[in-house]
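Structure first, commentary second.
There are 2 protein chains.
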Amino acid sequence: MHQNSMYRSLLLPDLRVMLSENDEAGLSEFCDALHPAVSAEVLEELESREAWRVLTHCDVRRQAEIFEFLDHPQQMMLVDVVERKELSKLIEAMSADERVDVLSKMDPGHVENLLPLMAHAERTDIRKLLSYPENSAGSIMTTDYASLNEGIVASEALEQLRHQAPDSETIYYVYIVDEGRRLRGIISLRELILSKPGTPISNIMNRDVISVRVDDDQESVAHELARFDFIAIPVVDNQNRLVGIVTHDDVIDVLQEEAQEDAYRAGAVQPMQGSYLTLPVLTISWNRGIWLVALLGAALMTAAVLNHYQSVSTSFVWMISFLPLVLASGGNAGTQSATLIIRAIAVEDLDKSDLFRLMKREILTATILGTTLMLLAFFGSLMFLSWSEASVLALTVFLVVVLGSINGLVFPLIFRRLGMDPALMSNPLIASLSDLIGVFIYFNAAVWLLAEQKA
Amino acid sequence: MHQNSMYRSLLLPDLRVMLSENDEAGLSEFCDALHPAVSAEVLEELESREAWRVLTHCDVRRQAEIFEFLDHPQQMMLVDVVERKELSKLIEAMSADERVDVLSKMDPGHVENLLPLMAHAERTDIRKLLSYPENSAGSIMTTDYASLNEGIVASEALEQLRHQAPDSETIYYVYIVDEGRRLRGIISLRELILSKPGTPISNIMNRDVISVRVDDDQESVAHELARFDFIAIPVVDNQNRLVGIVTHDDVIDVLQEEAQEDAYRAGAVQPMQGSYLTLPVLTISWNRGIWLVALLGAALMTAAVLNHYQSVSTSFVWMISFLPLVLASGGNAGTQSATLIIRAIAVEDLDKSDLFRLMKREILTATILGTTLMLLAFFGSLMFLSWSEASVLALTVFLVVVLGSINGLVFPLIFRRLGMDPALMSNPLIASLSDLIGVFIYFNAAVWLLAEQKA
Numbered sequence: 001m002h003q004n005s006m007y008r009s010l011l012l013p014d015l016r017v018m019l020s021e022n023d024e025a026g027l028s029e030f031c032d033a034l035h036p037a038v039s040a041e042v043l044e045e046l047e048s049r050e051a052w053r054v055l056t057h058c059d060v061r062r063q064a065e066i067f068e069f070l071d072h073p074q075q076m077m078l079v080d081v082v083e084r085k086e087l088s089k090l091i092e093a094m095s096a097d098e099r100v101d102v103l104s105k106m107d108p109g110h111v112e113n114l115l116p117l118m119a120h121a122e123r124t125d126i127r128k129l130l131s132y133p134e135n136s137a138g139s140i141m142t143t144d145y146a147s148l149n150e151g152i153v154a155s156e157a158l159e160q161l162r163h164q165a166p167d168s169e170t171i172y173y174v175y176i177v178d179e180g181r182r183l184r185g186i187i188s189l190r191e192l193i194l195s196k197p198g199t200p201i202s203n204i205m206n207r208d209v210i211s212v213r214v215d216d217d218q219e220s221v222a223h224e225l226a227r228f229d230f231i232a233i234p235v236v237d238n239q240n241r242l243v244g245i246v247t248h249d250d251v252i253d254v255l256q257e258e259a260q261e262d263a264y265r266a267g268a269v270q271p272m273q274g275s276y277l278t279l280p281v282l283t284i285s286w287n288r289g290i291w292l293v294a295l296l297g298a299a300l301m302t303a304a305v306l307n308h309y310q311s312v313s314t315s316f317v318w319m320i321s322f323l324p325l326v327l328a329s330g331g332n333a334g335t336q337s338a339t340l341i342i343r344a345i346a347v348e349d350l351d352k353s354d355l356f357r358l359m360k361r362e363i364l365t366a367t368i369l370g371t372t373l374m375l376l377a378f379f380g381s382l383m384f385l386s387w388s389e390a391s392v393l394a395l396t397v398f399l400v401v402v403l404g405s406i407n408g409l410v411f412p413l414i415f416r417r418l419g420m421d422p423a424l425m426s427n428p429l430i431a432s433l434s435d436l437i438g439v440f441i442y443f444n445a446a447v448w449l450l451a452e453q454k455a
Numbered sequence: 001m002h003q004n005s006m007y008r009s010l011l012l013p014d015l016r017v018m019l020s021e022n023d024e025a026g027l028s029e030f031c032d033a034l035h036p037a038v039s040a041e042v043l044e045e046l047e048s049r050e051a052w053r054v055l056t057h058c059d060v061r062r063q064a065e066i067f068e069f070l071d072h073p074q075q076m077m078l079v080d081v082v083e084r085k086e087l088s089k090l091i092e093a094m095s096a097d098e099r100v101d102v103l104s105k106m107d108p109g110h111v112e113n114l115l116p117l118m119a120h121a122e123r124t125d126i127r128k129l130l131s132y133p134e135n136s137a138g139s140i141m142t143t144d145y146a147s148l149n150e151g152i153v154a155s156e157a158l159e160q161l162r163h164q165a166p167d168s169e170t171i172y173y174v175y176i177v178d179e180g181r182r183l184r185g186i187i188s189l190r191e192l193i194l195s196k197p198g199t200p201i202s203n204i205m206n207r208d209v210i211s212v213r214v215d216d217d218q219e220s221v222a223h224e225l226a227r228f229d230f231i232a233i234p235v236v237d238n239q240n241r242l243v244g245i246v247t248h249d250d251v252i253d254v255l256q257e258e259a260q261e262d263a264y265r266a267g268a269v270q271p272m273q274g275s276y277l278t279l280p281v282l283t284i285s286w287n288r289g290i291w292l293v294a295l296l297g298a299a300l301m302t303a304a305v306l307n308h309y310q311s312v313s314t315s316f317v318w319m320i321s322f323l324p325l326v327l328a329s330g331g332n333a334g335t336q337s338a339t340l341i342i343r344a345i346a347v348e349d350l351d352k353s354d355l356f357r358l359m360k361r362e363i364l365t366a367t368i369l370g371t372t373l374m375l376l377a378f379f380g381s382l383m384f385l386s387w388s389e390a391s392v393l394a395l396t397v398f399l400v401v402v403l404g405s406i407n408g409l410v411f412p413l414i415f416r417r418l419g420m421d422p423a424l425m426s427n428p429l430i431a432s433l434s435d436l437i438g439v440f441i442y443f444n445a446a447v448w449l450l451a452e453q454k455a
C-alpha cells in the first residue's frame, strides 16, 4: 500500500465504512498494515471516540506507537475519552520520552490518578523525567537506551543487546558504563558486528564520548547532535552518570519547533504550539494582540514626536508625501540587519572580537546601501520635488538607512546581553524604533537645510 | 579529551606549536584522537596551506572524514591549494553525497581535470550524481547504501552486510532489491540480529517500503523522513529502482538551511549561503540592496498617492502626526497573518477546503484585533485630537488592521497559486502593500467624515 499523504484521503472513507459495519478484521488490519505515522494521520480526521474505537482493535504496543505519532491536541482529546485503566496501559507501553511529553501536558490531577495503575519502575521513571525543566535535555531525552558493562567480549555484548532490543529506542549506539553508571565509552552496533566474537569490548569501545548535560538547553543539544551527525547523543548528570539519550528524531522535532518559534517572533506573533488551522481564534488573537498593542504604544510615541514638529510639516507640505518612504527605508534596513544578526546568534558562536568586526562590516554595508538608496530617492523624487527638497529627502534616506541598520544590529545584541532572547526584537519592533529615529532626522534635516526658504 | 566547542580555543595553540616544530607524532595524533567534526573546527582557524599540512599527517580516509566536516568556503579554499593528484585521492575517499556536494561547487574545468585520476566506478557515480538538479532528492542522496538480494537467510545477510559495512553510510537499514534493482523490501539491522540465523529474509523484510522519488524536492524528502522518524529514506527512480538513500544528517542540514532561508526571506534579505561573519560585504550588500530598492519603488508609489491627497493633509494637519501609526498598524497586522500562513504552507498540507476556513478564521481574528486597536487608538489619541478627529483615526485603524490582515493572508496564497515561493512575501513587502491601502483609507475617511469641517 502506498503511504504518501495524498493517499490519506483514500483511506479515510474505507475506515469509516469499517467502523459503521463494525468490521473487526478490517480494523485490525488497519492497525497493523500501515506505518503507525500513516495510521495516526488518518485517525486525526476522526472524532476522538471513533479514533479510540479503531485503536481498541490494535494490541497495546501498536496502540502506543500510533498514539505517539498523533498531534498533541489530538492526543489530549483522546486522553479525555479513554477509560482510566486502558489509558494507563497505553501510556505504560509508550516510549519513555513520548509518554512524559504527553503527561506533562495533561492536567496534574488526572496524571496523579493514572500513576498508581502503572508498574513501580515505570512510575519512578516518569516522576524522574517529569521533574526536568521544560526545554532541557532532560525533558526531551528517553531512558530507553541500551547499555553494557565494560568487562565482556563482543559476542556477549551482542547477546545482551538482543535482550535489551525490545525496550530500547535505538540499539545502534551502545553505551558502556561502570558499576556507578558513569559513562565510560560508546560502541556502535556497526563496530560490534564487525568485531571478532572474542574481542573484549574495552578494546573496541570509543572512550572519547561526546555527551550533553541533563540541564543543557534542548537547542544546544540539537546543535551538538547535528554537528557530529549522530543518531543519538548521551545525556549525563553532573557526576557523568548516564541518565538518558536524545535521539535524532527528537532533535528534528526541536529544530522544527525552533524554526516555527523564530518565524513567529520575527513576525511579531507570540509563539504558540499547534496548527494555525485548528488553534482557537481567541488564542491566535491574543498572541497577535499583545504585540499589536505594544507596537501601537510605540506608534503613539512617534505620533507625539510628529505632533511636536507640526509647524515644520505645515511649512513644508511636500515632506508629508515622503514620510512613509523615509520611515519604510529605515525600518527595512533595520529589519534586514536584525534578521542577519538574530540568525547569526542562533547558528554560530559569536564572541566579543566578532562583535567589533560585525559592527565594522555593518557600517560598511549600511554605507553602501544608504548611498544607493540616497541616489535613487533623490532622482526618484525629482518629479515631485525641487532640487533642494530632494536633497533633504536624500540626506534623510541615507541617514535612516545607516542608523536603522545599526539599530537593527545593536538591539538584538543588547537583548542578548541582558539575557533575553534576541529574537524578541521582531521585524515590526525594529521598524517602530526606526520610525522614531526617522521622524527626528527628517524634520531636523528640513529645518537645518531649508531654514531660509521657510522664512 | 573533552570536545565541546569551548575547548577549541585550547587546541589551536597546541596545533600551531606542533606545526612550527614539525611534530610528526603530535600531528598524527591530532588526526586520530579527536572526532573529525572537532578536528575540522580547529582547522577552520588555520590558513588553508597550514590546514593541508596538518591533513597530510592523516591517512586518506581520515582526511576525507575531516574534510567533510569543514565549511563549504573552507573546502573551496583547500581545493585550491592541494595538488591535483592528492586532491583526487581525497575526493575519492569521501562519501558519495559529500563529494558531489563539493564537486558541484567547484569550477567545472577543475573537476574535469580531476575525474580522469579517479577509478572508473567512482567517476561514473560522480557523473550520475552531478546530473541531478539542485535541491532534488538526487542532489542530496548518497549511493553508499547497503543492499541485499531476496533469496538469502538472516545469517547470510549479516555476513554480506559485514562486507558492505566499510563502504556504506549506514548499515542500520538494509534494502532488499530484485535482479533489476527494484526495491522489494527493507530490514533494519535490529530486526536482522533479532532473527534466527536460518530465517529467510523474505519472511522478515517489510514489503511496505516508504520511499521518495529522485526528482522530489529536498524539503519534501526532509519532511517525509521527519514524519516517519527514519534514520534514512530510500530514493527510487520512476521505475521503482533503488538509486540512493538520504540519511538523517542530510535531512537536518536541509532543515537548518531551510530555516535560514525562510528567516532571510521574511526579513527581506535574499538568501545566501555562508556565515554572516565571513561573507563578503559586497555579497551581503547586494542581497539586501535588491530588496531595499524594490521596496523603495513601492514607497515611491505611496508617495505619489499621498501627493494626490496633499490638499486634504493641509486642511487636516493633525492627520500627519498619526500617519505612521495608521501605516504601522496595517503593516503589523499584515506581517502577522503573512507569517502564520507562510509557516502553515511550509509545515502543513493545505487543501482548498482549508483555504475557505482560513479566510473565515482570519476575518474573525482581524475583527477582534481591529476592534481592540480601534478602541486603544481612539482613547490614546484623545490627548491630541478632538472627538471627531479621533473617530476618523479609530475607524481607519480598524479598517487597516482588517484589510492588512486579509492582505497578509491572501498575497502568499496568490504567490503559491502562481507557483512562486509564498515566502517571497517578506514582512517589509507586506508592510509596503499595507501602506498603500492605509493611505487610501485614511484620507478618504477624513474627507468623508470631516467634509463639513473643512468647508
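Order-wise, the sequence lines are chains E and V.
Residues 1 to 455 (my numbering) are what the first sequence spells out, left to right.
Residues 1 to 455 (my numbering) are what the second sequence spells out, left to right.
All residues carry an ideal CB built from backbone N, CA and C; glycine is no exception.
In this text, all values refer to a predicted model and were calculated from it rather than measured experimentally.
Any C-beta of chain E under 8 Å from that of Phe228/V: yes
Supposed contact pair Ala259/E and Thr335/V - C-beta distance, whole angstroms, cut 8 Å: That belief does not hold up - the Cβ atoms of Thr335/V and Ala259/E are roughly 17 Å apart, past 8 Å.
Per-residue DSSP class, three states only, for Arg127/E: helix
Cβ of Tyr442/V within 8 Å of any chain E Cβ: no
Nearest neighbour of Met359/V, chosen from Leu279/V, Ile406/V, Phe316/V, Asp23/V [CA to CA]: Ile406/V
Cβ-based burial, Met94/V [other Cβ within 10 Å; buried from 16]: buried
Arg53/V and Leu19/V closer than 8 Å at C-beta: yes
Arg265/V, enclosing alpha helix (DSSP H) - first and last residue: 248 to 266
Member of Leu429/V, Met383/V, Ile204/V, Thr170/V whose CA lies at the smallest distance from the CA of Leu292/V: Leu429/V
Asn149/E, enclosing beta strand (DSSP E) - first and last residue: 145 to 149
Contact set for Asp215/E: own chain, Cβ-Cβ below 6 Å, skip 5 residues either direction: Ser136
Proximal residues of chain V, C-beta to C-beta of Gln336/E below 7 Å: Gly267, Ala268, Val269, Arg288
Which listed residue (Ala298/E, Leu225/E, Pro73/E, Ser131/E) has its alpha carbon closest to that of Gly274/E: Pro73/E
Of the residues Val246/E, Gly198/E, Arg265/E, the one placed nearest Asn332/V, counting alpha carbons only: Arg265/E
Ala428/E: contacting residues in chain V (beta-carbon distance under 9 Å): Residue identity check: residue 428/E is Pro in the sequence provided, not Ala. What Pro428/E touches in chain V: Ala328, Gly331, Asn332, Thr335, Gln336, Asn427, Ala431.
Exposure of Gln3/E, with buried meaning 16 or more beta-carbon neighbours within 10 Å: Bear in mind that a pLDDT of 46 at Gln3/E, under 50, signals an unreliable position, so the model cannot answer this.
Proximity to Val254/V [Cα-Cα], best of Val236/V, Glu50/V, Ile231/V, Val221/V: Val221/V
Val212/E, buried or exposed, once every other Cβ within 10 Å from all chains shown has been counted against 16: buried
Proximal chain E residues relative to Arg162/V, where beta-carbon distance stays under 9 Å: Ile193, Leu194
Boundaries (first-last residue) of the alpha helix (DSSP H) holding Arg162/V: 154 to 164
Interface flag, Pro133/E vs chain V, CB-CB below 8 Å: no
Selection from Pro116/E, Thr143/E, Ala119/E that minimises the alpha carbon distance to Lys128/E: Thr143/E
Where the beta strand (DSSP E) containing Ser188/V begins and where it ends: 183 to 188
Cutoff 8 Å: Val317/E Cβ touching any chain V Cβ: yes
Cross-chain neighbours of Val293/E in chain V, by beta carbon under 8 Å: Thr372, Leu373, Leu376
Neighbour flag for His72/E against chain V, beta carbons, 8 Å: no
Meets three-Cβ-pair contact criterion under 8 Å: the segment 302 to 321 of chain V and the segment 305 to 315 of chain E: yes
Short CB-CB distance (under 8 Å) between Leu11/E and chain V: no
Where Gly180/E falls: helix, strand or coil (DSSP): coil
Reduced DSSP category for Ile437/V - H, G, I as helix; E, B as strand; rest coil: helix
Cross-chain neighbours of Pro324/V in chain E, by beta carbon under 8 Å: Ala299, Thr302, Ala303, Leu306, Leu323, Pro324, Leu327, Asp435, Val439
Cβ of Thr365/E within 8 Å of any chain V Cβ: yes
Same chain only: Cβ atoms within 7 Å of Ala64/V, ignoring 5 sequence neighbours per side: Leu90, Ala93, Met94
Rounded straight-line distance, which links the Cα of Asn240/V to that of Ile152/V: 22 Å
CB contact check: Gln75/V to chain E, cutoff 8 Å: no
Phe228/E beta carbon less than 8 Å from that of Glu120/V: Residue 120/V is actually His in this sequence, not Glu. No.
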